[in-house]
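Trainee: The sequence shown begins at 78 in my numbering and counts up one residue at a time.
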Amino acid sequence: MERRKMEKIQMRPGFHDAILALIKEKFAGSSDQDKLCVIAFDEIHLKARLAYQRSDDIIEGFADHGPLGRSNACADHALVMMVRGITKRWKQPLGFFLSAGTTKATVQQQLLVQCIRRVTEAGLTVLATTCDMGTNNQSTYR
78 MERRKMEKIQ
88 MRPGFHDAIL
98 ALIKEKFAGS
108 SDQDKLCVIA
118 FDEIHLKARL
128 AYQRSDDIIE
138 GFADHGPLGR
148 SNACADHALV
158 MMVRGITKRW
168 KQPLGFFLSA
178 GTTKATVQQQ
188 LLVQCIRRVT
198 EAGLTVLATT
208 CDMGTNNQST
218 YR
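(1) S257 by DSSP, collapsed to three states: which one?
(2) Under three-state DSSP, which class holds C114?
(3) Give every residue of the same chain whose Cβ lies closer than 8 Å to the Cβ of T206, excluding the five residues on either side of it in the sequence, and list them in chain order.
(4) Among all the DSSP beta bridges, which residues are the ones paired with T202?
(5) Helix or strand or just coil, what does DSSP make of T164?
(6) Within a Cβ cutoff of 6 Å, which residues of the same chain sit near K165, ignoring the five residues on either side of it in sequence?
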């Protein structure tokens with residue numbers, strides 16, 4: 078993606094429609110083979126911390142699953158969803174989600190389904206998903 082366009086996107090928990098629009102634009106004239114991709118997701122541990130964001134008048138650091146809602150629990154984990162090309166070398170984060178503790182498998186399932194739908198609507202073809210073998214990830218696929 079073009080760095081100048083990416084710098085203008087405000088990053089908040091959830092999927093980033095502006096990034097998906099840029100993907101749609103970038104691959105509009107591409108071959109079907111170039112549109113083949115994989116969705117990867119992973120979760121990392123964070124230090125729980127709240128911070129006031131003056132420019133947006135919001136307190137950051139609470140658990141926030143984007144389209145699935147926000148809670149008043151302090152987040153200490155971040156789940157990132159990314160799309161990667163199969164036949165071409167490229168990758169792009171699509172969104173992130175904050176949770177108190179590891180993200181529940183049922184929530185991951187819902188987010189993964191939404192991610193696949195959004196990437197497909199952007200014109201790409203998702204052939205697979207990939208993640209590590211964490212217990213919550215294993216439960217996501219059951």
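Glycine included, C-beta positions come from ideal geometry on N, C-alpha and C.
Mentor: This is what the structure gives:
(1) Residue 257 cannot be examined here, being either before or after the span of the chain that is shown, 78 to 219.
(2) In the structure shown, the three-state DSSP call for C114 is strand.
(3) Cβ contact annotation for T206 (same chain, cutoff 8 Å, sequence separation greater than five): V115, I116, A117, F118, L189 and I193, in chain order.
(4) Secondary-structure assignment with DSSP links T202 through a beta bridge to L113.
(5) Under the three-state reduction of DSSP, T164 is assigned to coil, being neither helix nor strand.
(6) Within the same chain, D111 come within 6 Å of K165 by CB-CB distance, once the 5 residues on both sides are set aside.
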